[in-house]
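In the working numbering, the protein residues as written are 6 to 353.
Here is the structure we will look at.
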């Protein structure tokens, strides 16, 4: 995208090499091999959506949670299930409905007549990958049952905390809020999702291919795991070591800060958004075979990581301005980081 990134990459590698003795570059070939198997497995079910699959894998390796928002029938749940089945780990699916209770999600204490004591019965959240289908059809009270688990990876019941398994990822689907029977996700809930993506309608060619693959039976029935939970944990550790130079860190902070001062937004992105953006950029760099982050990684993820957290003003709504458009324009206007010994780079 810009000529700056070649120099930024060299600076990133130099910065990494100057770190503590004993530093070794991440095992990128191993990461690429495992991720490629998972990607091919998912794409055998999901036709024509490589970018959606890539972001899902990015969020998984960045220890985040993914929100899939779109109209019914475009493959949101299929993507979530394909990701879950491609990794050999515990998987639970929660169908969110208006009558779903918070205890159905987190679990509850039940009195055992034989033991004469209360026994904890875990809820559906106790799995490594949790598929939350149509999350915004449940009441805000039930949605809030996910807050602690998504942020702290634990559940507290009657004063006792129970740790969730690792890796832990929530892949939730939701219908647009304009559709009947939906509740808008609270701001605190949206902020805990690292990224939000829309599947969109497939191209005619992809839809034709879908008829061949899905016409007889669901391909999910034959989908087998191609990676283990231990593999994912190892890759997560590798992603944590991906280097991000100070100018790129500052660029991420400035980009998030620009959402807080924009006159088109009444709610900007939180510090948690900055953290999620940097983590996702590290994972994206690793997926590209690099052990350092460039500004392009941050730019490419800005919309999926930031847009769902923002609240446009009433004037923006009247002008049919979306949060995605506002973020894209902030990215286009914000100067790129300043290379060492040179001026700030702008797009021509």
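All residues carry an ideal CB built from backbone N, CA and C; glycine is no exception.
By DSSP, does residue i sit in helix, in strand, or in coil?
i	result
residue 232	strand
residue 77	coil
residue 297	strand
residue 196	helix
residue 208	coil
residue 248	strand
residue 168	strand
residue 340	coil
residue 331	helix
residue 113	strand
residue 52	coil
residue 105	coil
residue 65	helix
residue 270	strand
residue 187	coil
residue 143	coil
residue 325	coil
residue 262	helix
residue 121	coil
residue 223	coil
residue 241	helix
On the criterion of 16 or more Cβ atoms from any shown chain inside 10 Å, does residue i qualify as buried, or is it exposed?
i	result
residue 313	buried
residue 116	exposed
residue 216	exposed
residue 213	exposed
residue 323	exposed
residue 120	exposed
residue 206	exposed
residue 166	exposed
residue 163	exposed
residue 63	buried
residue 161	exposed
residue 316	exposed
residue 321	buried
residue 179	buried
residue 138	buried
residue 118	exposed
residue 248	buried
residue 29	Reliability of the predicted coordinates at residue 29 is poor, the pLDDT of 43 falling under 50, and no value is obtained from them.
residue 52	buried
residue 294	exposed
residue 128	buried
residue 78	exposed
residue 145	exposed
residue 209	exposed
residue 296	buried
residue 56	exposed
residue 124	exposed
residue 34	exposed
residue 340	exposed
residue 68	buried
In terms of DSSP beta bridges, what is residue i paired with?
i	result
residue 277	In the DSSP output, where bridge partners are listed per residue, residue 277 has none listed.
residue 303	Answer is none; residue 303 lacks a bridge partner.
residue 202	73
residue 162	165
residue 99	137
residue 179	74
residue 359	With the chain running from 6 to 353 in the structure shown, residue 359 is simply not present.
residue 174	134
residue 58	For residue 58, which the question treats as bridged, DSSP gives no partner whatsoever.
residue 83	Note: residue 83 sits in no beta bridge, so no partner.
residue 317	270
residue 93	233
Please check if any C-beta of chain B sits within less than 8 angstroms of the C-beta of residue i.
i	result
residue 320	Structure shown: chain B not included; a single protein chain is present.
Does the structure place the segment 80-97 close enough to the segment 301-311 that three or more beta carbon pairs sit under 8 angstroms?
no
If you pair each beta-carbon of the segment 278-289 with each one of the segment 195-207, do three or more pairs fall below 8 angstroms?
yes
Tell me whether the segment 95-109 and the segment 54-74 touch, counting them as touching only if at least three CB pairs, one residue from each stretch, are closer than 8 angstroms.
no
Pairs of beta-carbons, one from the segment 143-158 and one from the segment 170-180, closer than 8 angstroms: are there three or more?
yes
Is there contact between the segment 77-87 and the segment 222-237, where contact requires at least three CB pairs shorter than 8 angstroms?
yes
Below 8 angstroms, how does it come out for the segment 34-43 and the segment 255-274: are there three or more Cβ pairs, yes or no?
no
At a cut of 8 angstroms, does the segment 227-240 reach the segment 323-333 through at least three beta carbon pairs?
no
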